[in-house]
Amino acid sequence: MGVVTPFPASAGRPSQTGFERAELARILDLYGRMVAAGHWRDYAIDLGRDAAVFSAFRRSAERPEFRIEKRPALRNRQGMWALVNEVGAVLKRGHELGPVLAPVERRLMKLVED
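Taking the numbering used here, the leading residue of the sequence shown gets 31, the next gets one more, and so forth.
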């Protein structure tokens, strides 16, 4: 018999961080409502080794207005979810996605009332 060589990516952390189906559904639901309100027009998803990032744009040629970041390495510290604004300041951080999205949802309510 031959020598068995282990698959290189099988040990350690995963090679890519991603969104679970329920998380992505919640984010895309908010994105769809912001598009319907006429505020957002484009989005991008970046799946990296350390983080998964959903970016929402007012116009595709600009910096993203908001970034929703998932960093599993911060799960036991300040929370793996973060809402980051256009200039890179963290607006909200937490362990659950819902409360992190709350500032954007409040903004959506203001847009709909106007």
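We treat Cβ as the ideally placed atom computed from N, Cα and C, and that holds for glycine.
This structure is a prediction, so every number in the text was calculated from the model and none was measured.
DSSP-derived helix/strand/coil call for residue i
i, result
"residue 135", "helix"
"residue 118", "coil"
"residue 50", "coil"
"residue 93", "coil"
"residue 33", "coil"
"residue 56", "helix"
"residue 105", "coil"
Status (buried if at least 16 other CB within 10 Å, exposed otherwise) for residue i
i, result
"residue 66", "exposed"
"residue 134", "buried"
Inter-residue CB distance, residue i and residue j (contact presumed, cutoff 8 Å)
i, j, result
"residue 80", "residue 103", "6 Å"
"residue 122", "residue 113", "4 Å"
Cross-strand partners of residue i (DSSP beta bridge)
i, result
"residue 99", "83 and 112"
"residue 75", "84"
"residue 124", "111"
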